[in-house]
DNA sequence: ATGTTGACGCATG
DNA sequence: CCATGCGCCAACA
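Numbering (the working numbering), first residue to last: 53 to 168.
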């Protein structure tokens, strides 16, 4: 069981309309937030077709089943907008589609949507 | 084996 | 409020 598989398995359990933070996931899996981010970043690459040479995914195909958009930072904001391989505001759109609202600062109300 | 790289978080100024 | 700095550690080259 790779470390990133733990992350994927947990993220897959996040119910629709709820979100989790990197720090929260890291705490639950006894990993650092950075590692969580790393795992998701890897997902993005796979999804973008940059499948790592000879190492596309861990056996299966987690990329298509992991609701990565439900993972946000501790401020309740989106962290993917500064990335090259993900369209701007894609994550925001996906979340809004699930009924999650953003305020004027592009932030989510953690009190309301955070899953525990 | 070793160095680099982060979808982060927290403390500090 | 914004800017830095550091910890942290798996995966990759």
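The C-beta atom is built at its ideal place from N, Cα and C for all residues, glycine as well.
Quick one: grab the DSSP three-state call for residue 107.
Position 55 of the first chain, counting from 1, holds the residue named residue 107. For residue 107, the predicted structure reports a pLDDT of 39, less than 50, and the residue's modelled location is therefore unreliable. A value from the coordinates is still provided. Here residue 107 sits in coil by DSSP.
Cβ contact check for the region 118-134 and the region 58-65: 3 or more pairs under 8 angstroms
yes
Under the DSSP definition of a beta bridge, which residues are partnered with residue 78?
The residue given as residue 78 occupies position 26 in the first chain. According to DSSP, which records beta bridges pairwise, residue 78 is partnered with nothing at all.
For residue 151, the three-state DSSP class (helix, strand or coil):
Position 99 of the first chain holds residue 151. Here DSSP, grouped into helix, strand and coil, assigns residue 151 to coil.
Taking just the CA atoms, how far does residue 69 sit from residue 157?
As a first step, residue 157 is located in the first chain; it is residue number 105 there, counting from the start. As a first step, residue 69 is located in the first chain; it is residue number 17 there, counting from the start. Cα-Cα distance, rounded: 19 angstroms.
Spatial neighbours of residue 58 in its chain, beta-carbon cut-off 6 angstroms, leaving aside the 5 residues before and after:
Taking the first residue of the first chain as position 1, residue 58 is located at position 6. Counting only Cβ-Cβ distances below 6 angstroms, and skipping sequence neighbours, we find 81.
Let's see if you can read the secondary structure: which residues bound the alpha helix (DSSP H) around residue 62?
To locate residue 62, count along the first chain from 1; it is residue 10. Residues 55-63.
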